[in-house]
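Peer 1: Okay, so the sequence shown: first residue is 237 according to my numbering, each after it adds one. Quick one: the structure is below, questions incoming.
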Amino acid sequence: MDEDIGDAKQPESVAAVLKVFAILNALGERSDIGITDLSVRLAMPKATVYRFLQTMKSLGYVRQEPDSERYGLAMRMFEIGAKALPSPDLVDLAKHPMQMLADATGETVHLGSLIDSEIIYIHKVDSRHMLGMYSRVGRRAPIHCTAIGKVLMAWEHPERRDAILDGAEFKRFRDKTITERPAFLAELAQVNKQGFGEDREEFDDHIRCLGVPIFDRLGQAIAGMSVSFPTFRFDEARAPDVVKMLQKASRDISEKLGCTNFPLKSPD
237 MDEDIGDAKQ PESVAAVLKV FAILNALGER SDIGITDLSV RLAMPKATVY RFLQTMKSLG
297 YVRQEPDSER YGLAMRMFEI GAKALPSPDL VDLAKHPMQM LADATGETVH LGSLIDSEII
357 YIHKVDSRHM LGMYSRVGRR APIHCTAIGK VLMAWEHPER RDAILDGAEF KRFRDKTITE
417 RPAFLAELAQ VNKQGFGEDR EEFDDHIRCL GVPIFDRLGQ AIAGMSVSFP TFRFDEARAP
477 DVVKMLQKAS RDISEKLGCT NFPLKSPD
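Written out as structure tokens, the structure reads:
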């Protein structure tokens, strides 16, 4: 009897779940959005969108700005997402070393992890300067033209790396973007050899990044950490010092995650 009732309701229930996740995905792509925009974007009646939003708001997953009445994701969504990280303690363990890096360099520091065939920023410390790299926690970025993406791939198991790259789009973002898989694999070999990765204005105009991986107790690269510079503040001669600071921070975090054989070599 109960199974028959469940079967009868399943199509409607599945449709409702799909609508909820469509709304959450739309909210994740915009920091704030109104009901009318959501309705048009998702091809849903405004009354339906409103009903779902109010329910998600009451549960603490969605927030509503009191002045504009626009909606956005609440921190509870981030709390749930953080539990899906390779190590739930990763962000907490990285906060202090990242702040120290930001204080020492004056620049934006990112922590990123792999999701599908992209990276996702899971924590950041902003630059103290007015001009810095635009980013936000939860933003996705490609693996083939970011320092974090490169270090995660350079220390990935070859079979898994191949599977990840099979799903990657080698899209050209800037003149210096690597767009061919063989060239990217050659870049990864160099990254692994030198112990750090670089983004040489490959993703964003006028932005240089240096990055290193972070390892867990099994010696697997589970995240990457980078420092991002506007090109006019990037000093090539100082880059080895920045890499050493990054590697020191990575060693600190990795050891707290249980890594006993830290594999990175300092730059010459």
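Think of the CB as a built atom: it goes at the ideal place given N, C-alpha and C, for glycine as much as any other residue.
Please report the straight-line C-alpha distance between D488 and M313, rounded to a whole angstrom.
Peer 2: The C-alpha of M313 is placed about 28 Å away from the C-alpha of D488.
Peer 1: With DSSP collapsed to three states, give me the class of M280.
Peer 2: coil
Peer 1: Taking buried to mean at least 16 other C-beta atoms within 10 Å of its own C-beta, is D402 buried or exposed?
Peer 2: exposed
Peer 1: Can you tell me which of the three DSSP states G385 falls into?
Peer 2: helix
Peer 1: Could you give the C-beta distance for A459 and L326, rounded to a whole number, given that I count them as a contact under 8 Å?
Peer 2: 6 Å
Peer 1: Would you tell me roughly how many angstroms separate the C-alpha atoms of A425 and R364, rounded to the nearest one?
Peer 2: 34 Å
Peer 1: Quick one: give me the first and last residue of the beta strand (DSSP E) that R299 is part of.
Peer 2: 298-300
Peer 1: Measuring straight from C-alpha to C-alpha, what distance separates E472 and H346?
Peer 2: C-alpha separation (whole angstroms): 20 Å.
Peer 1: Considering only DSSP beta bridges, list what Y344 is partnered with.
Peer 2: It is Thr, not Tyr, that sits at residue 344 in the sequence shown. DSSP lists S464 as partners of T344.
Peer 1: Could you name each continuous alpha helix (DSSP H) segment of 4 residues or more that falls completely within the segment 378-451, going from the start of the chain to the end?
Peer 2: Counting only runs of 4 or more, we get 383-390, 394-402, 417-430.
Peer 1: Does R372 pass the burial test, meaning 16 or more other C-beta atoms within 10 Å, or should it be called exposed?
Peer 2: With fewer than 16 neighbouring CB atoms inside 10 Å of its own CB, R372 falls in the exposed class.
Peer 1: Which residues bound the beta strand (DSSP E) around E491?
Peer 2: Note, E491: premise wrong, no beta strand (DSSP E); alpha helix (DSSP H) at 475-492.
Peer 1: Give every residue of the same chain whose Cβ lies closer than 6 Å to the Cβ of I400, excluding the five residues on either side of it in the sequence, and list them in chain order.
Peer 2: S353
Peer 1: In angstroms with no decimal places, state the Cα-to-Cα distance between E239 and A252.
Peer 2: Summary for E239: the model assigns pLDDT 40, below 50, so the residue's position carries little reliability, and this model does not support an answer.
Peer 1: State yes or no: is the C-beta of E388 within less than 8 Å of the C-beta of I356?
Peer 2: The amino acid occupying residue 388 in the given sequence is Leu; Glu does not appear at that position. Contact flag unset, no.
Peer 1: Going by C-alpha distance, which of I384, N428, D411 is nearest P394?
Peer 2: N428
Peer 1: Under 8 Å, do F432 and L482 count as touching if we go by C-beta distance?
Peer 2: yes
Peer 1: Can you tell me whether V412 is buried or exposed? The criterion is at least 16 other CB atoms within 10 Å of its CB, across all chains shown.
Peer 2: What sits at residue 412 in the sequence shown is Lys, not Val. Residue environment for K412: exposed (fewer than 16 other C-beta atoms within 10 angstroms of its C-beta).
Peer 1: Is the CB-CB distance between I269 and Y297 below 8 Å?
Peer 2: no
Peer 1: Taking the alpha-carbon of T341 as reference, which of I384, E491, L500, A485 has the nearest alpha-carbon?
Peer 2: A485
Peer 1: Who pairs with I458 in a beta bridge, going by DSSP?
Peer 2: Looking at the DSSP assignment, I458 forms no beta bridge with any residue, so it has no partner.
Peer 1: Could you check where the beta strand (DSSP E) with L500 kicks off and where it finishes?
Peer 2: First-last for L500: undefined, no H or E at that position.
Peer 1: Thinking C-alpha only, which one of S294, D303, S304 is nearest A310?
Peer 2: It is S294.
Peer 1: At the level of alpha carbons, what is the spacing between L421 and V448?
Peer 2: 17 Å
Peer 1: Buried or exposed: F465, going by 16 or more other Cβ atoms within 10 Å of its Cβ?
Peer 2: buried
Peer 1: In chain order, what residues of the same chain have a beta carbon less than 6 Å from the beta carbon of T415, not counting five sequence neighbours either side?
Peer 2: F406, R408
Peer 1: So is E343 buried or exposed if we call it buried at 16+ other beta carbons inside 10 Å?
Peer 2: buried
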